[in-house]
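Residue numbers (my numbering): 1142 to 1255.
Right under this line is the structure:
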């Protein structure tokens, strides 16, 4: 078990010739989801850190904060596609909040004459 600078015992404080802490950085950055990388440079006493990051929404989540959920489907739960910002668009012949009212919802026709 390695001992820290102030006598605390912590296995994560084991240092090797390759792992020496040079600096620490805690920062808050505002960004929106997308394909664009945000580039940053942080200057320290004896070093410079160049870093970049981006974040992308999980599948079926859309918008700058990934708050809009839209899943394209064509089944008994709905018949729709989704725009890039997460707006649901009903397939041709379908309508309603969930694109579940339309052509297949019509009553079946009978060939039997009355």
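Ideal Cβ placement from N, Cα and C applies to all residues, glycine included.
Nothing here was measured: the structure is a model prediction, and the numbers come from that model.
Ignore the nearest five residues each way along the sequence and tell me which others in residue 1227's own chain have a CB closer than 6 Å to its CB. 1203, 1204, 1209 and 1211
For residue 1201, decide whether its Cβ has a neighbour in chain B, counting only Cβ atoms nearer than 8 Å. Given the protein chain composition of this structure (a single chain), no chain B is represented.
Using the DSSP secondary-structure output, state which residues sit across from residue 1175 in a beta bridge. DSSP lists no partner for residue 1175.
What do you reckon, are the CB atoms on residue 1176 and residue 1195 nearer than 8 Å? yes
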